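Worksheet for the structure shown next.
Numbering (my numbering), first residue to last: 3 to 342.
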């Protein structure tokens, strides 16, 4: 006997209500944290702007590293901030405040380093050793806290007094909005320092040689095909010969050049299909080509080439210098390199 599948039971009304409640909870969290970020933005346009600029000046001019410290959730955020700073051209690492009391103070150089300490309350007992050390050896101390009158705030050379925004936790206990604000200000510091130093994409590549990110920081010239591999034909070439070239080169396209060797057009599969009814093989390349095709520069990052290919829904770009085609880059090249 043929098996007849049992129809799926309708979703219980209670399940639907639970889903609505869950989504509403998520939205409240996001909206609360977004409000905290809005408060941080407003603070940066007012009282926080001066200490922010002062901190950038201090960190830019130290010969050593920016040591980030904290405990608990602030410590986790501090670890991320240190990693972001280090990867964007500001030498930095994280020192756990508790471990500092057991020998890791030796990782902080009295002559050259600065300290960024994170504590939402500013009264974190574990920071006492680092605060004392910074004052004893005159190590510049930057404080990220919601209370500039706290022990940390009073001791610091520069205080980022953060807005005392509402935590997303309904009990007001779990650090949520507060850690989001710390993270955002840490990112703002890293990017402001990056921009003030003129840190380039290729500088970034030095610290990110691996994975997709590293691959995307290559130049087009590093991946493009050159010389005889580039499918090209001069204007006046018959399409019967052009089709042979397209097939032999294997890129699915053909660039057309004028008498000066400048790229004036490109023939793709779409151009061939549009001209099938026009006795295609009797035509010349300039009668079929798409004029003034989109091209790439050899100095583009391959990530820019990928964006162009995706935006235009094409698979290949001719690479041009001073109007002359010097190479071609295909989507398959980006796939092989791990960019796409």
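A virtual CB, placed ideally from N, CA and C, is assigned to each residue, including glycine.
Bear in mind the structure is a predicted one, so any value in this text is a computation, not a measurement.
Proximity winner among the options, relative to residue i (alpha-carbon distances)
{"i": "residue 169", "options": "160, 161, 182, 157", "result": "182"}
{"i": "residue 160", "options": "130, 23, 50, 337", "result": "50"}
{"i": "residue 193", "options": "92, 329, 320", "result": "92"}
{"i": "residue 116", "options": "72, 61, 103, 148", "result": "61"}
{"i": "residue 289", "options": "341, 29, 149, 238", "result": "238"}
{"i": "residue 262", "options": "324, 283, 222", "result": "324"}
{"i": "residue 195", "options": "54, 18, 107", "result": "54"}
{"i": "residue 200", "options": "90, 145, 114", "result": "90"}
{"i": "residue 298", "options": "282, 198, 227, 73", "result": "227"}
Neighbourhood of residue i by C-beta, 7 Å cutoff - its chain only, sequence neighbours within 5 removed
{"i": "residue 41", "result": "165, 167"}
With 16 other Cβ atoms within 10 Å as the buried cut-off, status of residue i
{"i": "residue 327", "result": "buried"}
{"i": "residue 1", "result": "With the chain covering only 3 through 342, there is no way to say anything about residue 1."}
{"i": "residue 44", "result": "exposed"}
{"i": "residue 77", "result": "buried"}
{"i": "residue 162", "result": "buried"}
{"i": "residue 68", "result": "buried"}
{"i": "residue 334", "result": "exposed"}
{"i": "residue 1", "result": "Because residue 1 is not part of the residues shown, which for the chain are 3 to 342, the question remains open."}
{"i": "residue 273", "result": "buried"}
The beta strand (DSSP E) enclosing residue i, as first and last residue numbers
{"i": "residue 108", "result": "Run containing residue 108: none; DSSP gives neither H nor E here."}
{"i": "residue 325", "result": "First-last for residue 325: undefined, no H or E at that position."}
{"i": "residue 317", "result": "From DSSP, residue 317 is part of no beta strand (DSSP E); its letter is neither H nor E."}
{"i": "residue 234", "result": "234-236"}
Span of the alpha helix (DSSP H) around residue i
{"i": "residue 182", "result": "179-199"}
{"i": "residue 248", "result": "241-251"}
{"i": "residue 306", "result": "304-314"}
{"i": "residue 80", "result": "74-89"}
{"i": "residue 334", "result": "333-339"}
Own chain, CB closer than 6 Å to residue i, minus 5 neighbours either side, in chain order
{"i": "residue 81", "result": "96"}
{"i": "residue 233", "result": "247, 251, 253, 256"}
{"i": "residue 102", "result": "131, 132"}
8 Å CB neighbourhood of residue i in its chain, flanking five on each side removed
{"i": "residue 231", "result": "251, 330"}
{"i": "residue 221", "result": "300, 301, 302, 303, 304"}
{"i": "residue 260", "result": "236, 237, 266"}
{"i": "residue 35", "result": "170, 178, 179, 182"}
What runs of the beta strand (DSSP E), each 3 residues or longer, lie entirely inside the segment 253-290? 255-259, 265-270
Quick check on the DSSP output: what are the complete alpha helix (DSSP H) runs of length 4 or more inside the segment 13-55, in order along the chain? Along the length of the segment 13-55, whole alpha helix (DSSP H) runs at least 4 residues long occupy 15-46, reported in chain order.
Residue ranges of each alpha helix (DSSP H) within the segment 116-159, 4 or longer: 130-138, 153-157
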